[in-house]
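The numbering used here puts the first residue of the sequence shown at 56, with every later residue one more than the last. Virtual Cβ for every residue (Gly too), placed ideally from N, Cα, C.
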Amino acid sequence: MSRTQLLKQIFNAHSVAIIGASRRMGHPSHLALMGLIESGFDGKIYPINPSAREIDGIKAYPNIKSVHEPVDLAFIAVQAAKVIPILRECAEKGVKGAIINSAGFKELGTKEGTEREEEVSRIASSTGMGIIGPNCVGFHRSSMSTMPGLPQPAEIRAILKEKGNVGMTSQSGWFCGFYIHRCALRGVRFSTAISSGNEADFTTIDFLEYLGEDEDTEVITMYLEGVKDGKNFLKVSKAITPEKPIIIWKVGLTKAGSRAAFSHTGSLAGKEGIYGAVFRQAHVVQAFSSKELIDLTVAFSLCKKPKGNRVGIISSPGGFAVATADACERSGLNVPRLSEKTCKELKKFLPQYSSTLNPVDLTMTAIENPQFYPECMKILDSDDKIDSMIVVTGAGGIYDEFIEKSVREIEKPVMVVLTPYWTVETEPSASAKAGIPTYAYPEEAARSLAALTRYAMVRS
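See below:
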């Protein structure tokens, strides 16, 4: 069985044993149990705890051998010293895969921790059981999750239950939970999100290959501290990027960051120049902050692919029209004058003092005339000089219905900037819930559109 096939079995497990199951709120095992329940997992759950008869109303077992039914996946949350014998019991039971939540392995930087992690690797290779971790929180899928992540409002939980097109792998468990929460806030849906931890068995490259072959995944994103096989990483990435974009936030690029990466997951971070060269060769899109990774995810997962780099800007706040034009050109996009035909069409209904050159400045009269937005978008959609649009609104909620309808009807890619930033960063906006790429600042939209355009042009 290939590594990808084994991962497919793990991600589609029909039964899960939670070893070290606890009733304590906040305990990793309880979070995993809640994650499975909240995600609507319809398989069997077996809490393993020798001191409990039941956990949250679910029958508990003293050990995994006392479970008489088959177990596909084990989530292990016990002291590090107990992990190895439990893994051996799981292998004897015929468990297909294990997630080791426990820390206390190579990341300690001690002989004991390193030897313990090496034994995890040996068990995986000798038994054929696939192991994720140690020092991880598992994975999230719309129908099955071991990582509920941050406390989530009902709207976010609803979005996370919807199958999406983004596959993510992260060497930080907490960041993985934070990332899927913040992306869901922006309307992004996931196929799979994976916390890889120390990667004693399955590595980032294994997850990359899986996501590259997964039919539900159209965009691959990554939080990366380091890789163990640079040549293979380059080979696999180069094979994937002609079909699917890979977006990576590489951390540990400074001396301090490199030290932190090793103490976090035992990763050897490497030099910035080396990774940058690898990313360029493979046409990987590099993010330089957590915020940029989220912004790029929004663009690549929700926005249509532009056919060129010519952008049309529509804005009611005049100052933001100017700022957006600056941001676009600084990001490598072209902001051309609109055709004479387009200008004439716009002047038929816009105030005389509105600019129709590009940006199109609707002025504050758009507050009383929200139909200006869809009318302008429709006209720019037919202009051969424009490949994509950035639409900047000046008051949250007023234009939502008009913009949502227009984005669905026109052919060209559109990004929306909601200048009351709180409508983007604190709750799912109507645009985000409708699957429209939405940003709080024009600079973010411009950088994201530029990255999407570069990828689309290289791919074509």
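Distance between residue j and residue i (C-alpha atoms, nearest Å)
i    : j    : result
E167 : K161 : 8 Å
N253 : T59  : 19 Å
K362 : R177 : 50 Å
I458 : I235 : 26 Å
A378 : S394 : 22 Å
F317 : Q336 : Annotation note: pLDDT 49 at F317 (below 50); position unreliable, no value reported.
L323 : G367 : Low local confidence applies: a pLDDT of 45 at L323 is under 50, so the model's placement there is unreliable, and no value is given.
Y101 : Y278 : 31 Å
D455 : K216 : 24 Å
L205 : K399 : Legend: pLDDT at L205 = 49, less than 50; position of this residue unreliable, no value from coordinates given.
D381 : I369 : 14 Å
M199 : S94  : 5 Å
G285 : Y330 : 9 Å
L263 : S57  : 14 Å
L163 : G328 : 27 Å
R78  : G98  : 20 Å
E354 : E499 : The sequence as given places Ala at residue 354; Glu does not occur at that position. So the two alpha carbons sit approximately 10 Å from each other.
S484 : E464 : 20 Å
K63  : G149 : 17 Å
E298 : G490 : 22 Å
I303 : F96  : 30 Å
T411 : K403 : 11 Å
K359 : K460 : 16 Å
Expected contact under 8 Å - CB spacing of residue i and residue j to nearest Å
i    : j    : result
T276 : N220 : With a Cβ gap of about 11 Å, T276 and N220 do not count as contacting.
K467 : D436 : 5 Å
Residue from the options with nearest C-alpha to residue i
i    : options                   : result
V469 : D442, S251, G331 and S106 : D442
V415 : F375, L388, S386 and R385 : F375
I103 : D127, S292 and A76        : A76
I65  : H195, K433 and E172       : H195
G81  : E210, M202, P189 and V126 : M202
V472 : I445, P125 and A294       : I445
F334 : V291, S371, I434 and E482 : V291
L357 : T165, G228 and V243       : V243
A158 : S57, K218, K286 and G228  : G228
M223 : I214, A179, S180 and D269 : D269
S503 : N364, T169 and P140       : N364
S386 : V274, F404, I119 and A501 : A501
P497 : P105, S371, I301 and K120 : S371
G232 : F257, I349 and A135       : I349
G112 : H85, N118 and A136        : H85
A342 : K360, K305 and A332       : K305
M184 : Y428, E384 and L61        : L61
G373 : L388, N389, I301 and G449 : G449
8 Å Cβ cutoff met for residue i and residue j
i    : j    : result
A132 : A72  : no
E280 : G307 : yes
I110 : A153 : no
Q226 : T259 : yes
V340 : Y494 : no
A129 : T182 : no
V192 : N156 : yes
V138 : P83  : no
A255 : I211 : no
A506 : L351 : yes
T418 : S409 : yes
S251 : F245 : no
A209 : D127 : no
Coil, strand or helix - residue i by DSSP
i    : result
T448 : strand
H195 : strand
F130 : strand
N287 : helix
F317 : With a pLDDT of only 49 at F317, under the threshold of 50, the placement of this residue in the model should not be trusted; the figure read from the coordinates follows. Helix, per DSSP.
Y600 : Residue 600 is absent from the model: the chain starts at 56 and stops at 515.
A107 : coil
M277 : strand
I154 : strand
L205 : Bear in mind that a pLDDT of 49 at L205, under 50, signals an unreliable position, so the number given afterwards is only what the model happens to contain. Coil at L205, not helix or strand.
K99  : strand
Q336 : helix
S345 : helix
L323 : Residue placement at L323 is poorly supported in this model, since its pLDDT is 45, which falls under 50; the coordinates still yield a value, given next. Note: L323 maps to coil in three-state DSSP.
R365 : strand
M432 : helix
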